[in-house]
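Asker:
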Amino acid sequence: AYKEKMKELPLVSLFCSCFLSDPLNKPSYAYEDTVDLTWCGIPEREFPSLIPCFPHRHSAALSRGLSRRYSQYQEAELLKHLAEKREHEREVIQKAIEENNNFIKAAKEKLAHKMESNKENREAHLAAMLERLQEKDKHAEEVRKNKELKEEASR
Numbered sequence: 103a104y105k106e107k108m109k110e111l112p113l114v115s116l117f118c119s120c121f122l123s124d125p126l127n128k129p130s131y132a133y134e135d136t137v138d139l140t141w142c143g144i145p146e147r148e149f150p151s152l153i154p155c156f157p158h159r160h161s162a163a164l165s166r167g168l169s170r171r172y173s174q175y176q177e178a179e180l181l182k183h184l185a186e187k188r189e190h191e192r193e194v195i196q197k198a199i200e201e202n203n204n205f206i207k208a209a210k211e212k213l214a215h216k217m218e219s220n221k222e223n224r225e226a227h228l229a230a231m232l233e234r235l236q237e238k239d240k241h242a243e244e245v246r247k248n249k250e251l252k253e254e255a256s257r
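Under our numbering, think of the first position of the sequence shown as 103, with each following residue one higher.
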């Protein structure tokens with residue numbers, strides 16, 4: 103009966119049983135001939151490209167060499183998936199760095215423009231204040247002259 107059950111099990115469940123020596127705490131099977139593959143523990147989302155192509159075991163004469171090649175294939179696919187994920191993360195980080203650099207450049211340009219504008223406004227304000235001061239000095243000088251003329255005329 104055990105050999106017949108092993109023929110029915112897909113190859114992935116055999117690998118899972120090798121990796122997970124302790125099956126998850128699940129209730130026992132309802133029927134004697136039911137095969138529960140959910141205890142495997144490897145989520146399908148981790149291997150999206152592998153799920154459809156898992157070969158099923160059709161004979162008990164599956165050799166160790168074939169098992170080894172399949173596990174190497176599975177490992178290669180996993181490494182490929184992880185490399186793609188790492189490359190995507192690298193691209194995202196590179197894009198974030200580029201956006202950050204663009205933001206810094208724009209902020210520096212904006213700050214330089216604002217500082218130049220403030221400098222021009224300050225210089226214009228100082229020039230206006232200086233002009234008013236000169237006008238007040240001129241007016242004070244005229245008042246003094248008028249006062250002196252009145253004093254001379256009254257003598």
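Cβ atoms here follow ideal geometry from the backbone N, Cα and C, with glycine treated the same way.
According to DSSP, is R171 part of a helix, a strand, or is it coil?
Answerer: Along the sequence shown, read from residue 1 onward, the residue named residue 171 stands at position 69. Here R171 sits in helix by DSSP.
Asker: Keeping to the same chain, check which residues put their C-beta closer than 7 Å to that of R166; ignore five residues upstream and five downstream.
Answerer: Within the sequence shown, numbered from 1, the residue matching residue 166 stands at position 64. Correct list: empty, nothing qualifies.
Asker: At least one CB of chain C closer than 7 Å to the CB of A178: is that the case?
Answerer: Among the chains of the structure shown, chain C does not appear; only one protein chain is present.
Asker: Mapping DSSP to helix, strand and coil, what is K188?
Answerer: Along the sequence shown, read from residue 1 onward, the residue named residue 188 stands at position 86. Reading off the sequence shown, one finds Arg at residue 188, where the question assumed Lys. If DSSP states are grouped into helix, strand and coil, R188 belongs with the helices.
Asker: Give the straight-line distance between the Cα atoms of K238 and A209, rounded to the nearest whole angstrom.
Answerer: Here residue 238 corresponds to residue number 136 of the sequence shown, with the count starting at 1. Here residue 209 corresponds to residue number 107 of the sequence shown, with the count starting at 1. Computed Cα separation, rounded: 43 Å.
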